[in-house]
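**Q** Residue numbers (this note's numbering), protein chains in the order written: chain A, 52 to 328; chain B, 34 to 244.
Glycine included, C-beta positions come from ideal geometry on N, C-alpha and C.
I'd like to ask you about the structure that follows.
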Amino acid sequence: MKLSFYPGCSLEGMAVDYARSIDAIFKALDIDLVEIDDWSCCGATAAHSLSEAMSVILPARNLSAAEQMGLDIVAPCANCFNRLRFSQQMVQKKVLDIPWPVTGDLKVHDMTRFLAEPAMIKQIKKRVLKPLNGLKLVCYYGCQMVRPPRITGYTDYENPQTLDRIAAAVGARVIDWSYKATCCGASIGIGRREIGNSLTKRLLDKARQAGAEAVVVSCPLCQSNLDMIQKDRLEQPVPVFYFTELIRLSFSDRGNPKWFKMHFADPVPLLSKINAI
Amino acid sequence: MNTTVMDHKTASERRSGKKRKRIGDRGDYFLNRIQGETNGNVSACYQCERCTNACPVSHFMDIKPHQVIRYVQLGWREDLLRSSTIWVCLSCEMCTTYCPNEVRVAEIINHLRNIAAHSSIAPREKHLAVFHQTFLEVLSKSGRVNEFRLMKAFYSKPNILNEKIKSGNLKEELLLGLALLKKGRLKPFSSRSKLIKEIRKAYIQARGEIV
């Protein structure tokens with residue numbers, strides 16, 4: 052299988068570890084990811100906040116490049132996925148003039164839902180060498196991947212299940228909680244620190260209360276927010292994993308502690324407790 | 034003996050201690066404009082406050098999401114553009130998703146933010162507005178957004194550094210930046226998109242300039 056891959060800006064900076072784990076697991080799954088030719092930023096929140104036209108035009112550039120390659124897009128970042136889908140809908144409605152040739156006919160997948168399809172889950176289960184038995188975790192989806200449903204296409208936006216299915220497939224024990232899709236504050240912490248901190252702290256508290264030892268996410272910004280607030284290790288750390296890191300861990304006989312050196316909340320003690328490292 | 038009977042209007046103005054605000058003589062102009070531009074179902078709102086209850090940051094807002102819709106119906110444009118609400122909103126889409134009448138609250142707030150960005154009214158939440166602006170500037174310079182460059186550009190904006198020092202947050206933020214550099218998560222150098230010329234052109238056109 053061959054797909055075009057839209058990494059997004061975070062995967063070159065804050066989330067290099069996400070990019071590495073994606074590379075590793077897609078190689079193991081025999082799926083060819085071809086990076087979109089000369090991709091550019093999707094504009095994220097800033098573009099639609101200040102100029103609605105730019106929020107359609109910027110992702111359309113990448114849709115156009117992927118159309119020339121003729122491959123469906125898969126995006127690991129929740130916000131990129133959301134903006135690409137939004138742009139695609141606006142392109143199909145022909146409400147704006149786009150400077151690039153684009154029809155909006157390609158499929159745009161988000162990586163979690165792509166890997167949570169029953170066929171892919173089967174493939175993942177087949178390759179699991181060492182199930183992560185005994186790892187208690189909660190899955191956190193954030194906003195942009197599931198909402199608004201008319202753009203993302205999620206029908207179970209109140210209680211999404213894609214990450215839960217993947218985490219269960221690699222052998223972890225998934226705990227239900229009520230904060231799956233509550234916002235983590237995104238980039239608001241840069242301008243108004245107290246708002247960002249109040250949101251992320253509440254999420255971590257609720258995860259601890261639910262009895263989780265770790266959080267699984269798929270969005271680079273959610274990961275940074277939840278992880279960076281644990282820099283000073285005042286309370287019991289709750290490591291924040293990308294879901295691909297867990298898959299990668301289960302695919303190998305013994306994990307490498309180096310994979311997790313970019314985390315602030317160190318997951319190595321937790322993982323060595325369950326003999327995964 | 035003073036026996037003047039106050040009419041209803043003056044009575045209510047006296048009670049509140051300030052001049053009473055009424056629907057402007059612009060009539061439905063603002064309501065129709067927002068309805069047309071966002072297709073947001075503004076008139077369907079019956080003030081059930083479900084949006085405000087779902088909103089994760091409503092307690093940091095001066096005009097709550099359900100009130101925003103009412104203000105739009107009343108045509109109170111300036112109050113909305115001066116509010117902190119439009120900048121604090123995270124676009125998390127909780128309000129839109131849970132509205133029973135399919136009012137697109139988040140899209141309406143986002144549209145108001147767009148209008149405010151193109152107006153002469155100074156944003157109530159300056160840091161948040163400046164951050165969005167910086168993001169777009171960095172984007173139009175290199176086509177991709179590198180976090181290190183973004184933060185450098187943000188801090189070199191006028192008054193941002195001073196205000197951070199005043200609020201006492203600077204030390205903490207610098208330490209976080211250093212820790213991120215050490216972990217290799219902030220990268221001082223990064224790749225650029227080769228199509229930067231086309232992107233810059235689109236950006237200038239979107240601002241209404243002829244290229």
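1) In chain order, what residues of the same chain lie with their CB nearer than 7 Å to the CB of B/Ser173, ignoring the 5 residues before and after it?
2) Is it right to say B/Phe222 is buried, meaning 16 or more other beta carbons lie within 10 angstroms of its own, or is it exposed?
3) Report the residues of the region 242–259 of chain A with a CB closer than 7 Å to any CB of chain B, ordered along the chain.
4) Starting from A/Lys53, follow its DSSP beta bridges and name the residues at the other end.
5) With a cut-off of 8 Å, does the C-beta of B/Ala235 fall near any C-beta of chain A?
6) Can you find a CB in chain B that lies within less than 8 Å of the CB of A/Gly185?
7) Quick check on A/Trp228 - is its C-beta less than 8 Å from some C-beta in chain B?
8) Find out if the Cβ-Cβ distance for the pair B/Ile141, B/Val75 is shorter than 8 Å.
9) What is the residue span of the alpha helix (DSSP H) that A/His99 lies within?
10) Using a Cβ-Cβ cut-off of 8 Å, state whether A/Lys282 counts as contacting chain B.
11) Using a Cβ-Cβ cut-off of less than 8 Å, list which residues of the region 82–103 of chain B approach chain A; keep chain order.
12) Could you tell me if A/Arg198 is buried or exposed, where buried requires 16 or more neighbouring beta carbons within 10 angstroms of its beta carbon?
13) Please state the DSSP three-state secondary structure of A/Arg224.
14) Check each candidate in B/Ile119, B/Leu123, B/Ser175, B/Thr71 and name the one with the smallest Cα separation from B/Ala150.
15) Can you name the residues of chain B whose CB is closer than 9 Å to the CB of A/Arg216?
16) Of all Cβ atoms in chain A, is any one closer than 8 Å to the Cβ of B/Val178?
17) What is the residue span of the beta strand (DSSP E) that A/Cys190 lies within?
18) Mind reading off the beta-carbon distance from A/Pro288 to A/Ala327? Whole number of angstroms is fine, and I expect it under 8 Å.
19) Would a C-beta distance cut-off of 8 Å place A/Asp161 and A/Met196 closer than the cut-off?
20) Below 7 Å CB to CB, which residues in the same chain sit around B/Cys88 once its five sequence neighbours on both sides are set aside?
21) Quick check on the DSSP output: what are the complete alpha helix (DSSP H) runs of length 4 or more inside the region 167–213 of chain A, in order along the chain?
22) Answer yes if the region 104–112 of chain A comes into contact with the region 70–86 of chain A, meaning at least three C-beta pairs across the two stretches below 8 Å, and no otherwise.
23) Could you tell me which chain B residues have their CB closer than 7 Å to the CB of A/Pro308, listed as they occur along the chain?
24) Could you name the residues of chain A that B/Asn134 contacts, counting a contact when the two beta carbons are closer than 9 Å?
25) Here's a check: name, in chain order, each residue in its chain whose Cβ is nearer than 6 Å to the Cβ of B/Val163, leaving out the five neighbours to either side.
26) Of the residues A/Pro320, A/Ala66, A/Arg299, which one's Cα is nearest the Cα of A/Leu80?
27) Opposite A/Ala329 in the DSSP bridges: which residues?
28) Can you list, in chain order, the stretches of the beta strand (DSSP E) that have 3 or more residues and sit fully within the region 252–318 of chain A?
29) Please report whether the beta-carbon of B/Glu196 lies at a distance below 8 Å from any beta-carbon of chain A.
30) With a 10 Å radius around its C-beta and 16 neighbouring C-beta atoms as the bar for buried, classify A/Asp304 as buried or exposed.
31) For B/Leu161, go through chain A and note every residue whose CB falls closer than 8 Å to its CB, in chain order.
32) If you run the structure through DSSP and keep just helix, strand and coil, what is B/His144?
33) Output yes if chain A places a C-beta closer than 8 Å to the C-beta of B/Ala186; else output no.
34) Which of helix, strand or coil does DSSP assign to A/Ile149?
35) Give me the Cα-Cα distance between A/Gly59 and A/Cys270, rounded to the nearest whole angstrom.
36) Report the residues of the region 90–117 of chain A with a CB closer than 8 Å to any CB of chain B, ordered along the chain.
**A** In short, the structure shows the following:
1) Here residue 173 of chain B is taken as the residue at index 140 of the second sequence, counted from 1. Hits under 7 Å: Ile232, Arg233, Tyr236.
2) For this step, residue 222 of chain B is matched to residue 189 along the second sequence. Exposed: under 16 other Cβ atoms inside 10 Å.
3) Gly242, Arg243, Arg244, Ile246, Leu250
4) Sequence index remark: in the first sequence, residue 53 of chain A carries index 2 (1-based). DSSP lists A/Asp83 as partners of A/Lys53.
5) Taking the second sequence and counting its residues from 1, one reaches residue 235 of chain B at position 202. Chain A contact via Cβ: present.
6) Position 134 of the first sequence, counted from the first residue, corresponds to residue 185 of chain A. Not one chain B Cβ lies under 8 Å of A/Gly185.
7) One-based indexing of the first sequence puts residue 228 of chain A at position 177. Chain B, which has no Cβ nearer than 8 Å to the Cβ of A/Trp228, makes this no.
8) Against the second sequence, residue 141 of chain B aligns to sequence position 108. Against the second sequence, residue 75 of chain B aligns to sequence position 42. Against a cut-off of 8 Å, the Cβ pair of B/Val75 and B/Ile141 comes out as a contact.
9) Here residue 99 of chain A refers to the residue found at position 48 of the first sequence. Run containing A/His99: 95–101, per the alpha helix (DSSP H) assignment.
10) Reading the first sequence from its first residue, position 231 is the one you call residue 282 of chain A. Yes, its Cβ sits closer than 8 Å to a Cβ of chain B.
11) Pro89, Val90, Phe93
12) The count along the first sequence starts at 1 and reaches residue 198 of chain A at position 147. Its Cβ being crowded by 16 or more others within 10 Å, A/Arg198 is buried.
13) Indexing the first sequence from 1 puts residue 224 of chain A at position 173. A/Arg224: strand per DSSP, three-state reduction.
14) For the purposes of this step, residue 150 of chain B is taken as the residue at position 117 of the second sequence. Nearest C-alpha to B/Ala150: B/Ile119.
15) As a position in the first sequence, residue 216 of chain A is number 165, starting the count at 1. Neighbours of A/Arg216 on chain B: none; closest Cβ ~22 Å, over 9 Å.
16) For the purposes of this step, residue 178 of chain B is identified with residue 145 of the second sequence, where counting begins at 1. Closer than 8 Å to some Cβ of chain A, the Cβ of B/Val178 qualifies, so yes.
17) In the first sequence, counting from the first residue as 1, residue 190 of chain A sits at position 139. A/Cys190 -> beta strand (DSSP E) spans 187–190.
18) One-based indexing of the first sequence puts residue 288 of chain A at position 237. One-based indexing of the first sequence puts residue 327 of chain A at position 276. Not really, about 17 Å apart at Cβ, beyond 8 Å.
19) For this step, residue 161 of chain A is matched to residue 110 along the first sequence. For this step, residue 196 of chain A is matched to residue 145 along the first sequence. It is a contact, given that the beta carbons lie within the stated cut-off.
20) For the purposes of this step, residue 88 of chain B is taken as the residue at position 55 of the second sequence. Same-chain partners within the cutoff: Pro98, Met127, Cys128.
21) 169–178, 200–203
22) no
23) Residue mapping note: residue 308 of chain A aligns to position 257 of the first sequence, counting from 1. By Cβ distance, chain B contributes nothing, its closest Cβ being about 14 Å from A/Pro308, past 7 Å.
24) For the purposes of this step, residue 134 of chain B is taken as residue 101 along the second sequence, with counting starting at 1. The premise fails here: B/Asn134 is roughly 15 Å from chain A at the closest Cβ pair, so nothing lies under 9 Å.
25) Taking the first residue of the second sequence as 1, we reach residue 163 of chain B at position 130. The residues are Lys190.
26) On the first sequence, position 29 is the one that residue 80 of chain A refers to. Out of A/Pro320, A/Ala66, A/Arg299, A/Arg299 has the C-alpha closest to the C-alpha of A/Leu80.
27) There is no way to answer for residue 329 of chain A, as the model of chain A reaches only from 52 to 328.
28) 265–268, 291–293
29) On the second sequence, residue 196 of chain B is found 163 positions in, with the first residue counted as 1. Answer no: the Cβ-Cβ gap between B/Glu196 and chain A never drops below 8 Å.
30) Looking up residue 304 of chain A in the first sequence gives position 253. It counts as exposed.
31) Counted from its first residue, the second sequence places residue 161 of chain B at position 128. Those are Ile239, Gly242, Arg243, listed as they occur along chain A.
32) Here the question's residue 144 of chain B lines up with position 111 in the second sequence. Helix at B/His144.
33) Counting from one through the second sequence, the residue named residue 186 of chain B turns up at place 153. Chain A, which has no Cβ nearer than 8 Å to the Cβ of B/Ala186, makes this no.
34) Here residue 149 of chain A is taken as the residue at index 98 of the first sequence, counted from 1. Here A/Ile149 sits in coil by DSSP.
35) By 1-based counting over the first sequence, the position of residue 59 of chain A is 8. By 1-based counting over the first sequence, the position of residue 270 of chain A is 219. Using only the alpha carbons, I get a separation of about 11 Å.
36) Trp90, Ser91, Cys92, Gly94, Ala95, Thr96, Ala97, Ala98, His99, Ser100, Leu101, Ser102, Glu103, Ala104, Met105, Ile108, Leu109, Arg112
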